[in-house]
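Q: FYI, the working numbering numbers position 2 of the sequence shown as 105, with every residue one higher than the one before it.
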Amino acid sequence: MSNVSGLSTTSLPQLSFKLSGGALFSPPPQNYFIDTAEGVKCLALQPVVSESGFSVIGNLMQQGYTLEFDKDRSRLGFTRHGCAVP
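(1) Spell out the partners DSSP gives A140 in its beta bridges.
(2) Name the residue from R176, K174, S177 and Q166 whose alpha carbon lies nearest to the alpha carbon of H184.
(3) So, does the region 145-159 touch the region 122-137, judging by three or more C-beta pairs under 8 Å?
(4) Please classify P116 as buried or exposed, where buried requires at least 16 neighbouring CB atoms within 10 angstroms.
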């Protein structure tokens with residue numbers, strides 16, 4: 104949790120996921136920080152304990168992206184879309 108009250112500009116850290124094959128998924132901070140109270144932001148990540156190493160990229164993290172799941176080749180494709188495109 105971070106108290107950002109009184110700051111005119113909030114500088115939040117950039118989070119990136121390096122996926123197998125070398126692709127880098129770097130959603131904007133608004134996709135993983137949530138406002139919990141006036142001037143308070145919380146990191147919206149939750150640990151997943153799994154022997155398989157399986158992780159979830161949730162709904163909030165996916166906003167502004169189109170994701171394509173290729174089950175046959177065990178691949179995930181993604182691209183920014185709509186208002187998320189810089």
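All C-beta atoms, glycine included, are put in the ideal place defined by N, C-alpha and C.
A: According to the structure data:
(1) Checking the DSSP bridge columns, you'll see A140 partnered with V143.
(2) Nearest option by C-alpha distance: Q166.
(3) Yes: the two stretches touch, three or more of their Cβ pairs being nearer than 8 Å.
(4) With fewer than 16 Cβ atoms within 10 Å of its Cβ, P116 is classed as exposed.
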